Amino acid sequence: MRHALSPLLLEAAEQDERFLVLSGDHGYELFDGLRTHYPERFVNVGVAEQSMVGIAAGLCRVGFRPCIYGLAAFVPMRVLEQVKIDLCHGSLPVIMLGDGAGLVYSVLGASHQCGEDIACLRSLPNIAIYSPCDAYEFRACWNEARQASHPSYLRIGKAHPEEIHSGPLLDTGPVVVCEAADARARGVVVATGAMVRIGVQCAREHGICCISVPRLKPAPIELLGLLSGVQRIAVLEEHVSSGGLWSLLLEMLQSAGVTGHVSVEPIGLRDAFTQTAGDHQHALSEHGLDNGQIADRLNRWLNARPARMP
Amino acid sequence: MHIAPFDPRALRRHIVRMAYAGRSAHLGCALSLVEILAVLFGAVMRYDRSDPLSPKRDLLVLSKGHGVMALYACFRELGWVVDEDVLNYLANGTRLRGVSEADIPGCEVSGGSLGHGLPVAVGMAFGLLRQQSERRVWCIVGDGEMNEGSIWEAMLFASHQRLGNLTVIVDANGFQAMGNTEEVLRLEPLAAKFAAFGFATVECDGHDIPAITAALHGGEDGQGRPRAIIARTVKGRGISFMAADNRWHYTRLTAETLAAALEELH
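What follows is the structure, encoded as structure tokens:
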């Protein structure tokens, strides 16, 4: 997915003279294309994420359309209050790119890992939140964010070279990425971001349905239609379940009056920091979320006797 | 071109009336600002008195948003705020709040959370410079507010990007919420710090209208250095029993203290 970003930045610079990118000294080769063709559209503000958000707000207020880039652990986490006051309060159309979300920076530990950004941002008014799973979803989210009249956050998780979808998406609503219409009674996997990949893989193996959710706010209410009649749902995310997609789905079901008959299984980060060094899969394993553990959990979940219905 | 500073006494009368009507705190930090704003609005800033949102206006950012009553007092002089706003200040459902909020025409930025206004002002100045605009940005920070790290981040950027269209005015009243700025977190030598950051820096008496006027008009060296004006002020200035008494950061006016204040401002 990350590979989709560089050309989109260049394209935005070509299309809109108001567009520019600010970075807090992160990104390396990600901005090479932009810097080569439009050097004045890239501004490294230094290791100064707080003022970067304010500077983006000021640029926006005099007519620019800034995009701010950082590691998700810093943008939006470190600067959450700047996001709240400088961007959300005035509903300014600034795009935030939070790279390395989840446990991507496994070896760098808690400071660089980020499993709480969606939960924190969901509570702020006016912001749109996206968690794309591949380049196609990323482009759809990016295009929507560029058209918006309010701030947007794009969460960028673990990069994979191959795509999930087979072609461009028309919108950012939830998408069935593994169809098994006749198997819905067995359960449906709902996933977002980097976790869609393993979700699809497991769903195929078991012949069940998997849905990807790229836009988390405004709430993806179309999901309720896709899950109509489904009584067993597993929610897969590289984010703490509490406050993430799992919470969001429970809230949506509750609001829609769908209660009691539906069980929603959280498969997300546990409420703890990682403890040891290692690669991305190792970091996920501390949370019971490496590929093998997820496959086991989904297997157990599918084979568990359904809760007795009242 | 507007050449006469606003009348500081009139501004202070608006402030105490508002503070009384709204049972508002933060009187001292509004009163220290009065002459600075009187000169900015009366004799320095380029703007349209009939339209707070005119597209070619200079931008004034009150980063120390707690002093907002002084800004509202200027708006009252301009007719952007009316008597009804003053008399109903902070009443349920009214539009003016107790800190500067960007949705009020004339308040460009929300300044209630300290350390936010200057970075936004710097972004504005950076953008305007890129647009080769003649518009200028004026940002008022408090000396207490300068405890915030984001202020220093923004100062680095302003200097690095040679934002000659930016003027930072420090309302150096020597106090913050819980005490004397030098006792809470030492800030001096402030002018030397700004100069070391690359600002064209001057100090002036922040209640001396000609001195402020000279400071605000001067110092553009044509080399793109942002300017800093350290206005030495007195918290609670203009009302004898409030001057340099930090209790007026929080104390509310009574009918008696209001009458005494207005008597002095007659």
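Chains as they are written, first to last, in our numbering: chain A, 613 to 922; chain P, 91 to 356. Ideal placement from N, C-alpha and C gives every residue a C-beta, glycine not left out. Everything numeric in this text was worked out from a predicted model, so none of it was measured.
For Arg844(A), same chain residues with a beta-carbon under 6 Å away, outside a window of 5 residues either side, are Gly799 and Ser875 in chain order.
With its beta carbon at least 8 Å from every one in chain A, Phe265(P) lies outside the interface. Under a criterion of Cβ atoms nearer than 8 Å, the residues of chain A adjacent to Val210(P) are, in order, Gly666, Ile667, Ala669, Gly670, Arg673 and Asp698.
Cβ neighbours of Gly819(A) within its own chain (closer than 7 Å, five residues either side excluded): Ala792 and Ala795. Distance from the CA atom of Val802(A) to the CA atom of Gln866(A), rounded to whole angstroms, is 17 Å. Taking 7 Å as the upper bound on Cβ-Cβ separation, chain P lies near residues Val657 and Gly658 of the stretch 647-659 of chain A.
When Cβ pairs closer than 8 Å are counted between the two stretches, the stretch 152-167 of chain P is seen to touch the stretch 178-196 of chain P, the count reaching three or more. Per DSSP, the continuous alpha helix (DSSP H) segment holding Val106(P) begins and ends at Pro98 to Gly112. For the C-beta of Glu243(P), the chain A residues within less than 7 Å are, from N- to C-terminus, Ala660, Gln662 and Ser663. Closer than 9 Å at the C-beta level to chain A, one finds these residues of the stretch 174-206 of chain P: Glu191, Ala192, Asp193, Glu198, Val199, Ser200, Gly202, Ser203, Gly205 and His206. Scanning Asp138(P), Ile93(P), Gly201(P) and Leu275(P) for the CA closest to the CA of Ala128(P) turns up Ile93(P). Within chain A, the residues placing a beta-carbon under 8 Å from that of Met214(P) are Gly670, Leu671, Arg673 and Val674, ordered along the chain. Secondary structure of Val171(P) (DSSP, three-state): coil.
When rounded, the separation of the alpha-carbon atoms in Glu238(P) and Val231(P) is 11 Å.
Look at Tyr748(A) here: in three-state DSSP terms it is helix.
Exclusion of the five residues before and after Phe165(P) leaves Val171 and Gly196 as the residues of its chain whose Cβ lies within less than 6 Å of its Cβ. Between Arg225(P) and Ala262(P), the C-beta gap is not smaller than 8 Å, which leaves the two residues out of contact.
Under the Cβ distance rule, Gly328(P) does not count among the residues neighbouring chain A, no pair being separated by less than 8 Å. In this structure, DSSP gives Ala803(A) an extended state, which the three-state scheme calls strand. By the CB criterion at 8 Å, Val633(A) and Arg653(A) fall inside the cutoff. Counting C-beta pairs with one atom in each stretch, the stretch 117-131 of chain P and the stretch 259-274 of chain P have three or more that are closer than 8 Å, which means they touch.
Residues of chain P whose Cβ lies closer than 8 Å to the Cβ of Glu693(A) are, in chain order, Ser203.
For Leu218(P), the residues of chain A that pass the 7 Å Cβ criterion are Val674, in the order they occur in the chain. Using a CB distance cut-off of 8 Å, Gly239(P) counts as an interface residue toward chain A. For Gly328(P), the CB contacts under 6 Å within the same chain, skipping 5 residues up- and downstream, are Arg102 and Leu121 in chain order. Here Pro786(A) is near Val825(A), since their CB atoms are less than 8 Å apart. Close CB contacts of Met664(A) within its chain, under the 7 Å cut and outside five residues either way in sequence, are with Leu634, Gly636, Val657 and Ile680 (chain order).
Taking the Cα positions, Phe686(A) is about 24 Å away from Ser897(A). Secondary structure in the stretch 728-794 of chain A: the beta strand (DSSP E) runs of 3 residues or longer, each lying completely within the stretch, are 740-742, 764-767 and 787-790 in chain order. For Ala815(A), the secondary structure class from DSSP, reduced to helix, strand or coil, is helix. By the rule that beta-carbons nearer than 8 Å mark a contact, Phe247(P) touches chain A. In the displayed model, Arg315(P) falls within coil according to three-state DSSP, outside both helix and strand. Taken atom to atom, the span from the alpha-carbon of Trp228(P) to that of Pro878(A) is near 51 Å. Secondary structure of Gln843(A) (DSSP, three-state): coil. Straight-line spacing of the CA atoms in Tyr110(P) and Asp173(P) works out to 14 Å.
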